[in-house]
Amino acid sequence: MTLTLIIIQIIKVIAIFVGLLTAIAYTTLFERRMVAFIQGRVGPNRVGPAGLFQPIADAIKLLFKEEFIPDKANKVLFSIAPLLSFTTAAMAIAVIPVGDSITIGGYQIDLVISDLNVGILYIFALSSLAVYGIVLAGWSSNSKYSLLGGLRSSAQMISYEIGLGLSVVGVLMLSGTFSIAEIVRQQSGSILNWYFFKQPIAFFLFFVSAIAESNRIPFDLPEAESELVGGYNTEYAGMRFGLFYLAEYCNMITISALAASLFFGGWSGPFLPPIIWFLIKVVIFLFVFVWVRGTLPRFRYDQLMRFGWLAIIPLTLVNILITGLVMVLKG
Amino acid sequence: MDYGYGLIGIFILFGIVFVIFTIFFAGLLRPQRPNKTKLENYECGEAPMGGAWIQYNVGFYIYALIFVIFDVEVVFLFPWAVAFKQLGLFALIEMLIFIAILIAGLAYAWKKGALTWES
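Chains U and Z, in that order, give the protein sequences. Quick note on numbering: the first sequence equals residues 81 to 411 in the numbering used here. Quick note on numbering: the second sequence equals residues 6 to 124 in the numbering used here.
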C-alpha cells in the first residue's frame, strides 16, 4: 500500500465523517420543518435563507449553555454515557457503501470506509452497544425520571434488537453474504432485483423494529416527555445533551441507509450518479420517520413489549420459514 | 481488505476525538456557576425525595434473560442463513427443530405471564 493510497483513504474517512455530521445537522432541520408542515405551522425559517443556518445556531447555543453534573450522580459514568451513545451511533455508518467504487489516479476507491465481510454483524454489534449509553445515562444520573427512562429503554431496545436481527435473516438467506456492498451489487440492474420485492414482510418488520430501536415515536417510551420529562437525558444539559440528540438523529440516518441498502438497492439506479440515488433513498426513509412521528400517538409500555415479543419476533420466524421453504422448493 | 479494520479504527478514533473536543471546547466557552440548588436532581421543582438507585420491577430482568436466549438464537441463525444456499432442505429442518424448541420456551414464558405487565 503506497503513501498516496493511504492519504486517499484517510481523506475518504474525513469526508465521510464530516458528511455524516452535516447530514445529522440537516436532518434535525429537516425533521423540524417537516413536522411543522404536517402540523400546519411554518417551522424554523428565520436563521439564514429558509432557516438553513438553524443547525449552526443550535450548535452555538448548545456550546454556550451551562452544564452541571448533579451532586448525587455517578460522575464518571455520567460523563462517559454521551460519548458511548454518540460514538456507537456514528460508527455504524462505516460499513454502509454510499456509492459504487470509483477510480482516482489509477487507484480503485470504494465509497465506503471499509466493506467488511461481516458488515451486518458489525452494525448489529454496534446497535447492541448503543444500549449502554442510554442505560448508563439513565442510571448514573440518580434521578427517578432518568432511571425509568433508562430501564424502559434497555428492555425496549434489547427486545426490538432481536426483531431487527431476525428480520434481515431472510435477506441474508437470499444473498448468502454479510457484506453490504455485495448485497447492494446483487440488487443492481433492475428494480425487480430489489430484495424488497422478495422480502416485503421482512422489510416492514425491519422498519418497525428499527423505529423502536432508535427510540422514535411511536416507540419513544424512554423519553416520553409527558410522563418522564426527558427520560434518560433529563439531567443532561448543554453539549452533553447535544450529543444524545446527535446520536438519535445519527441512528435514524444509519437505519435509513441500512434499509435502503438491504431492501431498496442502495446506490444502484439509472441515469443519476450512484451517490445521488443513495441520498434520494435515504431522504425518503428519513421522511417516513418524520411522517410517522407527525401522525402516530405513543404506545403504552405493555402494548409495546407485547407487540415486540408476540407479534414481531414470531412473524420474523415465520418469514424465515417461508423463505427457506420457497428456496428449497425452487432448488 | 486487510487494512479494512484499520480504517474503521481511524473512523472510531475520529468519533471519540470529536466528542472529547466538543465537550472540552464547550467547557472553555460556557459559564460555570454551580450552586447547591442547581446541583440537585430534577424533580419537577420540588426538593427530591430519596435517591433513584432502588430495586425495580423484576419484569425487566426476565426480559433480559429471554433476550440473552434469543440473541444467541440470532447469532446461530446468521451463519446458517448465509450458508443456506449450499445446505438445502436438511439444514432447514434442523433449524426448524432448533427454533421450535425456542418457540416452546417463548410460549411457556408467555403462559406464565412473564411477558405481560399485570402485577
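Even for Gly, the Cβ is constructed at its ideal location relative to N, Cα and C.
My assumption, with CB atoms under 8 Å, is that residue i sits in contact with residue j. Please give the rounded CB distance.
i: glutamate 241 of chain U; j: serine 294 of chain U; result: Their Cβ separation, rounded to whole angstroms, is 11 Å, which puts glutamate 241 of chain U and serine 294 of chain U out of contact at 8 Å.
i: leucine 401 of chain U; j: leucine 101 of chain Z; result: 7 Å
i: threonine 334 of chain U; j: alanine 172 of chain U; result: 5 Å
i: serine 247 of chain U; j: glutamate 315 of chain U; result: At roughly 35 Å, the Cβ-Cβ gap does not stay under 8 Å, so serine 247 of chain U and glutamate 315 of chain U are not in contact.
i: tyrosine 325 of chain U; j: isoleucine 214 of chain U; result: The Cβ separation is near 13 Å, so there is no contact.
Distance, Cα to Cα, residue i vs residue j?
i: methionine 6 of chain Z; j: glycine 14 of chain Z; result: Because the pLDDT at methionine 6 of chain Z is just 49, under 50, the model does not fix this residue reliably, and the value given afterwards should be weighed accordingly. Approximately 14 Å between the Cα atoms of the pair.
i: glycine 56 of chain Z; j: valine 372 of chain U; result: 36 Å
i: tyrosine 47 of chain Z; j: asparagine 154 of chain U; result: 15 Å
i: serine 259 of chain U; j: valine 198 of chain U; result: 6 Å
i: valine 24 of chain Z; j: phenylalanine 30 of chain Z; result: 10 Å
i: phenylalanine 41 of chain Z; j: arginine 35 of chain Z; result: Here the sequence assigns lysine to residue 41 of chain Z, which means phenylalanine is not the residue at that position. When rounded, the distance between both Cα atoms is 19 Å.
i: glycine 50 of chain Z; j: proline 150 of chain U; result: 14 Å
i: glycine 218 of chain U; j: leucine 338 of chain U; result: 28 Å
i: tryptophan 168 of chain U; j: leucine 143 of chain U; result: The sequence shown places threonine at residue 168 of chain U, rather than the tryptophan named in the question. Going from the Cα of threonine 168 of chain U to the Cα of leucine 143 of chain U covers about 22 Å.
i: leucine 191 of chain U; j: tryptophan 357 of chain U; result: 13 Å
i: phenylalanine 166 of chain U; j: leucine 209 of chain U; result: 11 Å
Give a yes or no on whether 8 Å exceeds the smallest Cβ distance from residue i to chain U.
i: valine 87 of chain Z; result: yes
i: threonine 27 of chain Z; result: yes
i: lysine 90 of chain Z; result: yes
i: phenylalanine 103 of chain Z; result: no
i: leucine 70 of chain Z; result: no
i: threonine 42 of chain Z; result: no
i: phenylalanine 81 of chain Z; result: no
i: isoleucine 13 of chain Z; result: yes
i: methionine 6 of chain Z; result: Residue placement at methionine 6 of chain Z is poorly supported in this model, since its pLDDT is 49, which falls under 50; the coordinates still yield a value, given next. Yes, because at least one Cβ of chain U sits closer than 8 Å to the Cβ of methionine 6 of chain Z.
i: glycine 9 of chain Z; result: yes
i: tryptophan 115 of chain Z; result: yes
Does the beta carbon of residue i sit closer than 8 Å to a beta carbon anywhere in chain Z?
i: proline 150 of chain U; result: yes
i: isoleucine 238 of chain U; result: yes
i: asparagine 331 of chain U; result: no
i: phenylalanine 369 of chain U; result: no
i: alanine 235 of chain U; result: yes
i: isoleucine 242 of chain U; result: yes
Helix, strand or coil: which one does DSSP assign to residue i?
i: leucine 100 of chain U; result: helix
i: serine 181 of chain U; result: strand
i: isoleucine 47 of chain Z; result: Per the sequence presented here, residue 47 of chain Z reads as tyrosine, with isoleucine not at that position. Three-state DSSP puts tyrosine 47 of chain Z in coil, outside helix and strand.
i: methionine 6 of chain Z; result: Confidence is the limiting factor: at methionine 6 of chain Z the pLDDT is only 49, short of 50, which leaves the residue's position unreliable, though a coordinate-based value still follows. The answer is coil: DSSP assigns methionine 6 of chain Z none of H, G, I, E or B.
i: glutamine 188 of chain U; result: strand
i: alanine 235 of chain U; result: helix
i: proline 105 of chain U; result: According to the sequence provided, residue 105 of chain U is alanine. The question's proline does not apply to it. Helix.
i: isoleucine 203 of chain U; result: helix
Assign residue i to one of two classes, buried (16 or more other C-beta atoms within 10 Å of its C-beta) or exposed (fewer than that).
i: tryptophan 389 of chain U; result: buried
i: phenylalanine 54 of chain Z; result: It is worth fixing the name first, because residue 54 of chain Z is methionine in this sequence and not phenylalanine. Flag for methionine 54 of chain Z reads exposed.
i: proline 124 of chain U; result: buried
i: cysteine 330 of chain U; result: buried
i: alanine 235 of chain U; result: buried
i: serine 194 of chain U; result: buried
i: tryptophan 58 of chain Z; result: exposed
i: isoleucine 403 of chain U; result: Looking at the sequence itself, residue 403 of chain U is threonine, so the reference to isoleucine does not match. It counts as buried.
i: leucine 164 of chain U; result: buried
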